[in-house]
Structure formats: C-alpha cells, structure tokens
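Protein chains: 2
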Amino acid sequence: MTGIKDVARELEMSTATVSRALRGLPGVSDETRQRVQRTAKQLGYVPSPGAAGLASGRTRTVAVVVPFVTRWFFASVVQGAEEVLREGGYDLLLYNLAGSGAARHRVFEGGRLTKRVDAVLVLSLQPTDDELTRLTALGRPVTFVGADVPGWSTVRIDDEAAACTATGHLVELGHRRIAYVGGPGELDVTAPNAREAGYRGTLRSAGLAHDPSLEVDGGFTLPGGIDAGRRLLDRPDRPTAIFAASDEMAIGVLRAARELGLRVPHDVSVVGIDDHELAGFFDLTTVAQPVVEQGRLAARLVLDALAPGAAKGGWHPAQVILPTTLLARGSTGPPPTA
Amino acid sequence: MTGIKDVARELEMSTATVSRALRGLPGVSDETRQRVQRTAKQLGYVPSPGAAGLASGRTRTVAVVVPFVTRWFFASVVQGAEEVLREGGYDLLLYNLAGSGAARHRVFEGGRLTKRVDAVLVLSLQPTDDELTRLTALGRPVTFVGADVPGWSTVRIDDEAAACTATGHLVELGHRRIAYVGGPGELDVTAPNAREAGYRGTLRSAGLAHDPSLEVDGGFTLPGGIDAGRRLLDRPDRPTAIFAASDEMAIGVLRAARELGLRVPHDVSVVGIDDHELAGFFDLTTVAQPVVEQGRLAARLVLDALAPGAAKGGWHPAQVILPTTLLARGSTGPPPTA
DNA sequence: CCGGTTCGCGGGAGCGCTCCCACGATGACG
DNA sequence: CGTCATCGTGGGAGCGCTCCCGCGAACCGG
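Same order as they appear, the protein sequences are chains A and B. If you're matching positions, the first sequence starts at 0 in numbering that gives the first Met the number 0 and goes up one per residue. If you're matching positions, the second sequence starts at 0 in numbering that gives the first Met the number 0 and goes up one per residue.
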C-alpha cells in the first residue's frame with residue numbers, strides 16, 4: 000500500500016512538501032505541486048483518512064442522526080445533506096434510531112461520537128437536556144434540522160406558522176368544525192407540538208370553539224392517519240374539515256373518508272403538511288416545505304462552521320427558517336351547505 | 000482528551016494490557032480487566048477509532064452504496080443493514096448515488112474506499128467490469144444486494160422467478176393479453192432485465208403471443224407508472240392485465256386506470272413486485288420480497304467475512320436467495336368476459 | 001526437585017499522516 | 001552593500017492506538 004512516504008521518496012523531497020502539495024496548501028511552488036500530483040496518481044497513492052485524522056484531529060466525517068431513514072421526509076433530508084457533504088469532501092456516518100429503542104440513548108451516550116466525527120446533524124429530534132449536555136461536551140458544530148433549539152444552529156420551517164396556514168386555509172373556505180390529526184409519534188420529534196399550537200391558535204383567533212374530541216392521534220404514520228380518520232369521520236357530528244399534521248396522515252384520512260363513502264372535498268376537506276412525494280398523486284392540498292433543501296442547508300452550515308478560520312473568525316450558530324407555501328389542490332373546498 | 004495512556008498510568012500498568020482488557024482479548028486476568036474497565040469509565044475514556052484503525056488496519060466501518068436513498072426499498076435495506084452493523088460495532092458510511100451523475104464513478108474510482116472501510120455493501124447496482132476490478136483491488140469483503148454477481152457474495156430474490164409468479168398469477172386467472180411495465184430505470188440497476196425475462200418466459204410457456212407493444216417503460220417510478228399505464232390502457236386493444244416490475248409503477252398504473260374510468264380488477268388487473276409499504280393501502284396484488292431482511296442478511300454476511308478467523312478459516316462468498324410470496328389482493332381478478 | 005508450559009503482563013516499534021520549527025535562497029529596500 | 005522579509009522546502013516529533021516479542025512467576029508432571 001503506497002503512502003505519502005513513497006511519493007516523497009520517488010520525488011526525492013520531504014513528506015511535508017508532498018502533504019502540502021496534495022492538500023492544496025500554500026507554500027508550494029506550482030511546479031512542485033504538479034509534479035507531486037502527477038507522481039501520486041502514477042503511484043496510485045491513496046491518502047489514509049485515519050492517519051490524517053489522527054495527526055490533525057479532523058476526521059472529515061459528519062454524523063447524521065435520523066429517527067427513521069425509511070420515512071420519505073428523513074431520507075430526503077439525508078439525501079440533501081449527503082450531496083453537500085460529499086461535495087465538500089466529507090463522509091456521512093449514518094445513525095438510524097428506529098428499531099431498537101435504546102439506539103437513541105446509545106448514540107449520544109458514552110461519547111461514541113467524540114473522536115469519530117467533526118460535526119453532527121440531528122434530524123427532527125427534540126434533544127433532551129442530557130443529550131444537549133453531551134453534544135456540548137463534543138465541542139463540535141452541531142446543527143438541528145426541523146427542531147427549534149435555542150442557542151444552536153438550526154434549519155427548519157416555522158411549524159406553527161405552517162399549521163396556521165393550513166388551518167387558516169380551511170377557515171377561509173368557511174369551515175367551522177375543523178379537526179386535527181397529530182400526536183407525538185414514536186420518538187420525541189419536534190414538529191408535533193408546534194403544529195398543534197398553530198392549529199389551536201388559528202381556531203382561537205378565528206373565534207372558533209376548541210373541541211378536544213376533534214384532536215386525535217395519528218402517530219405520524221399512514222395507518223395512524225387511517226385510524227384517526229375513521230374515528231373522526233364515523234360520528235354524527237363529524238368535522239367538515241381535517242388538518243393532518245403530516246401528509247402521510249392526511250393520505251390516511253383520505254383513505255378513511257373513501258372507505259366511509261365520503262367525497263373529498265364535497266363532504267370533507269383534508270389538508271396536510273410536507274408536500275410529500277405522493278401528495279400530488281392524491282391531489283392533496285398541503286403546506287409545502289423544502290425538504291432536500293433543508294438537508295443541503297444544514298450540511299452547508301456545519302461545513303461553514305468547520306471551515307478553517309470559522310473558529311477564530313467569529314462564527315456563530317445560525318437559525319435558518321425556510322418558507323412554506325400553501326399548495327391548494329383538490330382535497331379542500333367549501334364545507335357542505337348542509 | 001483522555002487516552003489509553005492515561006488509563007494505563009492511573010493503574011500503573013502498560014497500555015498493552017489496558018488495550019487488551021478493553022477489547023475483551025484473552026491474556027488478561029478477570030480482576031485486571033474489571034479494574035481497567037472501571038477506571039476507563041471513571042476517567043471518561045473514549046477510544047479513538049482513527050488511531051485503532053491506523054494501528055490495526057481495520058476501521059470498523061462499512062460503506063453502503065445506494066442508488067437512491069429516498070426510495071422506500073433502498074431506505075429499508077439501509078435500515079436493516081444499519082441495525083446489524085451497529086449491533087456488531089461497525090459504523091455505516093453512506094454513499095448515495097442519486098443527484099450528480101458522476102457520483103457513481105467517483106465512489107468506486109480513485110480508491111476512495113480503499114483505506115476508509117473494511118467492507119462494502121452495494122445495493123441493486125449491476126457493477127461494471129471496471130467497478131468489479133476496483134472492488135477486487137480493495138481486497139475487502141463486498142456483498143451485493145439485489146444483484147446477481149457470480150463469484151461474489153450476494154443477497155437477493157430470484158427476480159425472474161418473482162416475475163414468473165406475478166405473470167403466472169395473471170395467466171391462471173385467465174388473462175391472455177398481459178402487458179409489462181418495466182424499463183431500465185436511471186442507474187444501471189439489476190432487477191429490470193431479470194423481471195422482464197420472467198415475464199416473457201411465462202408468456203412463452205403459457206403459449207401466449209408476445210406483443211412488443213405491450214412492453215413499456217415505466218422508469219421504475221410512480222409518475223413513470225402513470226405514464227405507462229395511460230399509454231397501455233388508452234388504446235382500443237388494451238391489455239386485460241398489467242404486470243408492473245415494481246409496486247411504485249403498479250400504483251401508477253392503478254392511478255392511470257382510475258383516470259380512464261376503468262375499474263380494477265373488473266376491467267383490468269394489476270400486479271406488482273415488492274410489497275411496498277403502500278401496496279396494502281392500494282389493495283395491490285404483489286409478489287412480496289423481504290426488504291429490511293435483505294439488508295440485515297447482507298450486513299451479517301460482511302460481518303462474518305470480517306470476523307477474526309474468516310480469512311484463514313476458509314470463508315467463501317455466499318449466495319443467499321430469499322423467497323418471495325404472492326400476495327393476492329384486490330387488484331387482480333379474472334379478465335372481463337367481454 | 002527440575003525442566004517445560006502456561007499465563008499475565010510490559011516494552012516499544014510502528015501505522016501514515018500533520019504540523020511546528022528551522023533553514024537557505026532570493027528579492028526588496030534604505 | 002548589508003539587513004530583513006518572504007518563499008519554498010526539509011526534519012522530525014508526535015497523534016493514540018495495536019501487536020509482536022520477551023520476561024518472570026506460577027504450575028505441572030515425572
């Protein structure tokens with residue numbers, strides 16, 4: 000296995016120069032640099048990230064902690080992050096929390112990340128105090144996606160505002176009995192609370208009564224949405240509109256409506272959040288959020304923080320809030336004129 | 000940052016013993032081992048994988064190369080692999096090929112993986128000769144998922160057989176004009192060819208005419224499936240049944256059928272492959288394959304190959320072919336009795 | 001009682017880089 | 001013409017581990 004030393008010997012120069020030349024550092028004449036690059040390629044030299052990491056303290060690797068890789072939303076964020084990280088010469092270490100319940104604990108605990116990565120991306124998790132302590136102890140840039148963590152770098156949408164947009168859309172259409180499908184979901188993810196708050200706030204400011212029985216748990220999954228939809232729609236005083244806190248649940252609600260022979264939007268309107276890849280397919284009205292872009296941005300944020308000079312150059316955590324847009328499709332309309 | 004040396008000094012023993020004790024190697028008395036473990040934890044010692052890798056040549060990291068993380072199938076395989084790898088103490092380095100077209104080339108080229116990972120998992124890609132050469136040059140265990148690569152470890156289903164099952168199901172129901180929605184898809188993925196072969200073979204052995212105009216490209220995506228469905232169903236001599244080589248495309252076909260006012264399965268039957276998480280939702284008949292399990296198995300395979308003693312202990316590549324099952328749901332039935 | 005194992009442990013040489021410091025050569029400047 | 005930056009380069013000490021080898025003590029059988 001040819002190393003930097005072999006290249007140096009071949010060229011009769013020091014390993015220091017070879018290292019500098021190969022990494023594009025200043026202090027090397029153009030001619031030398033080119034000779035080094037040529038010989039390195041010729042000898043089939045491949046740098047050893049492990050050794051470089053040992054010596055420099057930088058691993059050129061970023062950890063991405065994700066609740067459920069299999070969910071479209073998270074997978075898309077990961078895709079965006081991977082894109083930017085690889086572009087920037089960083090590797091992406093994936094930590095999936097689904098499956099074993101202890102996984103979440105294990106990732107943050109015991110400093111498993113400590114000497115392994117230069118930065119961490121945490122997706123949609125509301126970190127516990129303990130986790131924040133450990134992340135602080137890491138002493139490395141951390142960016143949260145889809146969570147509001149004061150004092151830390153975050154990339155997200157305004158979940159409450161998005162919920163307001165969705166609910167407001169229904170209010171404007173004339174609905175007065177609007178149900179909410181949300182729920183905590185499995186891991187402690189951030190969005191639910193904010194979206195619920197947006198829903199309630201909008202009802203209040205519209206002067207509509209808040210009926211707790213119209214708030215049901217959909218577990219943020221499609222089957223959960225079906226269940227929730229059935230419960231809400233299979234009752235005499237059923238709502239005329241349903242706001243589901245995620246498109247997956249909204250699609251479930253659509254399904255439930257169809258099962259019960261209700262026409263959408265004639266009998267019941269449904270709106271979601273996300274603009275899931277299938278939302279258009281189901282003609283679902285939704286509040287779209289940029290997904291891949293959040294991953295890209297978050298990656299860019301940690302890359303900036305990692306850039307030479309960021310530490311001294313007065314780098315500080317950034318809060319990026321991306322805009323959302325109402326996509327009014329066919330699943331919403333005025334309430335039935337009973 | 001406390002290292003192994005600090006632990007050794009604290010206990011007044013050699014770093015060698017500490018290392019052995021911490022890694023569970025033999026040659027350490029139980030008492031010593033316990034003392035070491037206690038002190039290590041107490042000092043907050045965290046091992047440095049980089050240093051360990053440098054010294055041992057093993058990085059305890061596995062690369063997973065995936066065409067599109069955002070696709071349910073691949074995300075699920077990744078999930079399965081992650082589970083097993085983490086369990087085995089390995090990290091998972093994710094390489095997503097979607098997005099930039101050069102990504103695929105870049106991963107295998109230039110030995111980027113060479114000193115970075117102990118093993119590689121390649122999902123659903125049909126490797127080129129060049130890629131195989133490079134993977135061989137790696138000198139590390141490689142396992143392919145969803146591809147048939149003679150001489151290498153593979154975990155997959157029998158795609159041709161699965162296609163036969165699907166097509167055969169339609170034949171048995173009495174269909175005689177059966178269309179196929181497939182196509183190469185974006186990256187050079189394995190499954191398409193085998194599934195097409197299964198479709199054709201079944202037609203042939205059933206003595207049915209092979210009509211090339213009934214084979215259309217669905218690009219292995221949902222929109223592609225809609226398109227394909229429209230083209231097939233919006234013609235006078237439309238088929239009475241459609242076999243789509245993936246559930247995503249099959250769902251698209253269902254959509255196209257509904258658009259055209261055709262009832263499923265009364266007017267047209269549709270069958271897919273995968274048992275996608277939404278297949279049940281759409282009441283789609285499909286040939287189910289274990290997805291997460293393929294990821295788990297592949298991970299287990301490389302872990303076995305990596306296990307101490309595997310190299311000398313006569314380890315050799317394994318071909319695992321997992322069974323598929325026909326899930327006859329509501330999207331298939333006898334042909335219309337025109 | 002003695003030679004040979006076995007067991008537990010220590011010493012220390014790397015692994016392949018990075019980075020600090022030093023050094024000579026060159027050019028600018030008063 | 002001497003002084004002092006500046007530039008390109010070399011030397012070499014680590015980074016934090018692993019692993020080979022060696023050593024003494026305990027043990028065991030004849």
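Even glycine gets a Cβ: it sits at the ideal position worked out from N, Cα and C.
Problem - Any 3 or more C-beta pairs closer than 8 Å across the region 249-264 of chain A and the region 279-290 of chain A - result: yes
Problem - Candidates B:ALA244, B:THR31, B:LEU213, of which the one nearest ASP236 (chain B) by Cα - result: B:LEU213
Exercise for the section: Kindly provide the ranges of any beta strand (DSSP E) runs that are 3 or more residues long and lie completely inside the region 210-259 of chain B, ordered along the chain. Expected result: 214-216, 240-243
Practice task
Closer than 6 Å by C-beta to THR166 (chain B): which residues in its own chain qualify, once you throw out the five before and the five after it? Chain order, please.
Solution key: TYR198, THR201, PHE242
Handout entry: SER204 (chain A) in three-state terms, based on DSSP
Key = Note: SER204 (chain A) maps to helix in three-state DSSP.
Practice task
May I ask which residues mark the beginning and end of the alpha helix (DSSP H) holding SER75 (chain A)?
Solution key: 71-86
Problem - Backbone CA spacing between ILE156 (chain A) and GLY145 (chain A) [nearest angstrom] - result: About 7 Å.
Exercise for the section: Pick helix, strand or coil for LEU96 (chain A), following the three-state DSSP scheme. Expected result: coil
Practice task
On the DSSP bridge assignment, give the partners of TYR179 (chain B) in chain order.
Solution key: B:GLU214, B:PHE242
Problem - Three-state secondary structure (DSSP) of THR127 (chain B) - result: In the structure shown, THR127 (chain B) sits in coil (DSSP, three-state: anything other than H, G, I, E or B).
Problem - Reference PRO209 (chain A), options A:GLU195, A:GLY87, A:VAL188, closest by Cα - result: Looking at the sequence provided, one finds His at residue 209 (chain A) rather than Pro. Here the closest residue by C-alpha is A:GLU195.
Problem - When A:THR38, A:VAL45, A:ALA161 are compared against GLU11 (chain A), the one with the closest alpha-carbon - result: A:THR38
Problem - Among B:SER13, B:PRO289, B:VAL119, the one whose alpha carbon lies nearest that of LEU302 (chain B) - result: Residue B:VAL119 is the option with its Cα nearest to LEU302 (chain B).
Exercise for the section: Decide if the region 65-82 of chain B is in contact with the region 110-119 of chain B; the criterion is three or more beta carbon pairs, one per stretch, under 8 Å apart. Expected result: no
Exercise for the section: Just mark GLY173 (chain A) as buried or exposed, buried being the case when its beta carbon has 16 or more other beta carbons within 10 Å. Expected result: Exposed.
Problem - In chain order, each beta strand (DSSP E) run of at least 3 residues that lies wholly inside the region 306-332 of chain A - result: 318-321, 324-326
Practice task
Would you mind stating whether VAL286 (chain B) and THR323 (chain B) have Cβ atoms separated by less than 7 Å?
Solution key: yes
Exercise for the section: Using a Cβ-Cβ cut-off of 7 Å, state whether LYS114 (chain A) counts as contacting chain B. Expected result: So, interface residue.
Practice task
In angstroms with no decimal places, state the Cα-to-Cα distance between THR331 (chain A) and ARG254 (chain B).
Solution key: 20 Å
Exercise for the section: Check each candidate in B:THR1, B:VAL188, B:HIS275, B:VAL6 and name the one with the smallest Cα separation from LEU221 (chain B). Expected result: The candidate whose alpha carbon is nearest that of LEU221 (chain B) is B:HIS275.
Handout entry: Min CB distance PRO48 (chain B) to chain A below 7 Å
Key = yes
Problem - Span separating the alpha-carbon of ASP226 (chain A) from that of ARG115 (chain B) - result: 46 Å
Problem - 9 Å Cβ cut-off: residues of chain B touching GLN78 (chain A) - result: PHE67, VAL68, THR69, ASN95, ALA97, GLY98
Practice task
Determine, using beta carbons only, whether GLU11 (chain B) comes closer than 7 Å to chain A.
Solution key: no
Exercise for the section: State the start and end residues of the unbroken beta strand (DSSP E) segment that holds ARG105 (chain B). Expected result: Per DSSP, ARG105 (chain B) lies in no beta strand (DSSP E) segment; the continuous alpha helix (DSSP H) that holds it begins and ends at 102-107.
Problem - Where THR336 (chain A) falls, given that 16 or more other Cβ within 10 Å makes a residue buried - result: exposed
Practice task
Pick helix, strand or coil for LEU120 (chain B), following the three-state DSSP scheme.
Solution key: strand
Handout entry: Buried or exposed by the 16-neighbour rule on C-beta atoms within 10 Å, applied to ALA54 (chain B)
Key = exposed
Practice task
Give a yes or no on contact between the region 132-140 of chain A and the region 93-104 of chain A, applying the rule of three or more CB pairs nearer than 8 Å.
Solution key: no
Exercise for the section: Could you check the C-alpha separation between THR113 (chain A) and ASP90 (chain B) for me, to the nearest Å? Expected result: It is roughly 14 Å from the alpha-carbon of THR113 (chain A) to the alpha-carbon of ASP90 (chain B).
Problem - Enclosing beta strand (DSSP E) for VAL154 (chain A) [first to last residue] - result: Unbroken beta strand (DSSP E) run through VAL154 (chain A): 152-156.
Exercise for the section: Under 8 Å between beta-carbons, which chain A residues line up against VAL64 (chain B)? List them in chain order, please. Expected result: Simply none; closest approach about 12 Å.
Practice task
May I ask which residues mark the beginning and end of the alpha helix (DSSP H) holding ASP273 (chain A)?
Solution key: Residue range 268-273 is occupied by the beta strand (DSSP E) that includes ASP273 (chain A), with no alpha helix (DSSP H) assigned at that position.
Exercise for the section: Tell me LEU91 (chain B)'s beta-bridge partners as DSSP assigns them. Expected result: Note: LEU91 (chain B) sits in a beta bridge opposite B:VAL61.
Problem - Proximal residues to PRO334 (chain A) (C-beta, below 6 Å), its chain only, five neighbours per side dropped - result: GLY173, HIS174, THR239
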